[in-house]
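Chains as they are written, first to last, in this note's numbering: chain A, 6 to 147; chain B, 6 to 147.
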DNA sequence: TCTGTATACTTGAGCTATCAACGATCATAG
DNA sequence: CTATGATCGTTGATAGCTCAAGTATACAGA
């Protein structure tokens, strides 16, 4: 059954990747994900809500995750001039360096554990199939 | 990128499924998974280690998960005659009824959110592709 | 028989994420 | 201008899982 396979595959690959990322850079998969999204964003910053939507976390999940990244000095809060409700999460210089230094090793891990299993065609197929799932298309830049 | 898609797809579908399962039957996805595996096993019981390996949880994860199922009366411990280290997790009558009553509604949810997106061929393709991932082939009966 | 190593399981501490409730701020319609 | 309702964000309580360490049993070799 494809669904079970999907569950197991996610658990297995994710476990491997996250322990490697943790050991090599002290980052969670979610941490990494957030930092990357910020680094891709206009001005290296995003509203917390938008961030939540793209990485599929709850608002409160984002608050707590960013707490950590702020404490580490990789992200800082910025107020929004036009709307006092929103605060941006902005990458600091240190944060930019952090993600840049983590990216290559993590990409290599992803490639090893995931990408290397597939040809370009197969990757495209997989991508297309998974994109059909409800909400799976949230912010898949790159 | 297929990997990001994979992550998002899992987060999205899984979130939906688990809240439905929780509301309808008071079960976690993992709970359900464990109960199903037990129901499929010889004599409706499995050694805890084997259970851990098939659903990809830690030994301690299994202990705690089973704590809950035991408290609910769906699973009971059984000692092993030939090896005093092992204890079986065995489905009780109530547990069997529970999983039987939950199965159809959950299967429908899985079908709606996952299966219905694909033809039989596509499901087979997806299954084959995901099966290549390291460890993704752990106990995918059915 | 003793000794060392591997396996099965549990427990305490900690982490990440959730939900529910709450306080602000904004936008719109009377 | 004010009430209503939506949106943005944080916080307390809690769930589910992990890791590290510990206990107990099994087994194989000196």
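Backbone N, C-alpha and C define an ideal beta-carbon position, used for all residues, glycine too. Just so we're clear, the structure is a prediction, and the values are computed from it rather than from any experiment.
Smallest Cα separation from residue 81 of chain B: which of B:112, B:48, B:120? Start at 1 with the first residue of the second chain, and residue 81 of chain B comes out as number 76. It is B:48.
Pairing CB atoms from the region 122-137 of chain A with CB atoms from the region 96-110 of chain A, are three or more of them under 8 Å? Because the criterion of three Cβ pairs below 8 Å is not met, the region 122-137 of chain A and the region 96-110 of chain A do not touch.
How many angstroms separate the CA atom of residue 146 of chain B from the CA atom of residue 25 of chain A? Stepping through the second chain from its first residue, residue 146 of chain B is reached at position 141. Stepping through the first chain from its first residue, residue 25 of chain A is reached at position 20. The pLDDT assigned to residue 146 of chain B is 39, lower than 50, so where the model puts this residue is not dependable, and the model offers no usable value.
Taking C-beta to C-beta, are residue 51 of chain B and residue 43 of chain B nearer than 7 Å? For this step, residue 51 of chain B is matched to residue 46 along the second chain. For this step, residue 43 of chain B is matched to residue 38 along the second chain. Contact: yes.
Per DSSP, what are the beta-bridge partners of residue 116 of chain A in this structure? One-based indexing of the first chain puts residue 116 of chain A at position 111. According to DSSP, residue 116 of chain A bridges with nothing at all.
If you draw a straight line from the C-alpha of residue 21 of chain B to the C-alpha of residue 85 of chain A, how long is it? Within the second chain, residue 21 of chain B is the residue found at index 16, counting from 1. Within the first chain, residue 85 of chain A is the residue found at index 80, counting from 1. Each residue's alpha carbon lies about 33 Å from the other.
Give the straight-line distance between the Cα atoms of residue 56 of chain A and residue 73 of chain A, rounded to the nearest whole angstrom. What you label residue 56 of chain A is simply residue 51 of the first chain in a count that begins at 1. What you label residue 73 of chain A is simply residue 68 of the first chain in a count that begins at 1. The alpha-carbon atoms of residue 56 of chain A and residue 73 of chain A are separated by roughly 15 Å.
Selection of the region 95-116 of chain A by Cβ proximity to chain B, strictly under 7 Å: Residues of the region 95-116 of chain A that bring their beta carbon within less than 7 Å of a beta carbon in chain B comprise 115, in sequence order.
List the DSSP bridge partners of residue 81 of chain B. For this step, residue 81 of chain B is matched to residue 76 along the second chain. For residue 81 of chain B, which the question treats as bridged, DSSP gives the partners B:95.
Given that residue 122 of chain B touches chain A, what residues does it touch there, using C-beta distances under 7 Å? Taking the first residue of the second chain as position 1, residue 122 of chain B is located at position 117. The answer, in chain order, is 137, 138.
Sequence-distant residues of its chain with Cβ nearer than 8 Å to residue 38 of chain A (five each side left out): Here residue 38 of chain A is taken as the residue at index 33 of the first chain, counted from 1. Around residue 38 of chain A: 60.
My output table needs one value for residue 52 of chain A: the three-state DSSP class, helix, strand or coil. Along the first chain, one-based indexing puts residue 52 of chain A at 47. In the three-state DSSP reduction, residue 52 of chain A falls in the strand class (E or B).
Residue span of the alpha helix (DSSP H) that contains residue 165 of chain B, given as start and end: Since the first residue of chain B shown is 6 and the last is 147, residue 165 of chain B is not available in this structure.
CB contact below 7 Å: residue 11 of chain A versus chain B: In the first chain, the residue the question calls residue 11 of chain A occupies position 6. Yes, its Cβ sits closer than 7 Å to a Cβ of chain B.
Taking buried to mean at least 16 other C-beta atoms within 10 Å of its own C-beta, is residue 100 of chain A buried or exposed? Residue 100 of chain A sits at position 95 when you count from the first residue of the first chain. Counting Cβ neighbours within 10 Å, residue 100 of chain A comes out buried, since at least 16 surround it.
Which value, in whole angstroms, describes the spacing of the CA atoms of residue 14 of chain A and residue 89 of chain A? Numbered from 1 along the first chain, position 9 holds the residue referred to as residue 14 of chain A. Numbered from 1 along the first chain, position 84 holds the residue referred to as residue 89 of chain A. Between residue 14 of chain A and residue 89 of chain A, the C-alpha separation is close to 43 Å.
Could you tell me which of A:32, A:102, A:41 sits nearest to residue 9 of chain B, measuring between CA atoms? Here the question's residue 9 of chain B lines up with position 4 in the second chain. Minimum Cα distance to residue 9 of chain B is reached at A:41.
Distance cutoff 7 Å, beta carbons only. Does residue 18 of chain A sit that close to anything in chain B? One-based indexing of the first chain puts residue 18 of chain A at position 13. Using a Cβ-Cβ cut-off of 7 Å, residue 18 of chain A counts as an interface residue toward chain B, since at least one Cβ of chain B sits closer than that to its own.
Using a Cβ cut-off of 8 Å, pull out every chain A residue sitting near residue 127 of chain B, in sequence order please. As a working note, residue 127 of chain B is residue 122 in the second chain. In chain order: 134.
is_contact[residue 145 of chain B, chain A] using C-beta, thresh 7 Å: As a working note, residue 145 of chain B is residue 140 in the second chain. Interpretation of residue 145 of chain B is limited by its pLDDT of 44, a score under 50 that renders its predicted location unreliable; no figure is taken from the coordinates.
Short CB-CB distance (under 7 Å) between residue 37 of chain A and chain B: Counting from one through the first chain, the residue named residue 37 of chain A turns up at place 32. No, residue 37 of chain A does not count as interfacial toward chain B.
Do the CB positions of residue 54 of chain A and residue 118 of chain A come within less than 7 Å of each other? Reading the first chain from its first residue, position 49 is the one you call residue 54 of chain A. Reading the first chain from its first residue, position 113 is the one you call residue 118 of chain A. Not closer than 7 Å, so no.
Reduced DSSP category for residue 13 of chain A - H, G, I as helix; E, B as strand; rest coil: Working through the first chain from its first residue, we reach residue 13 of chain A at position 8. It is helical.
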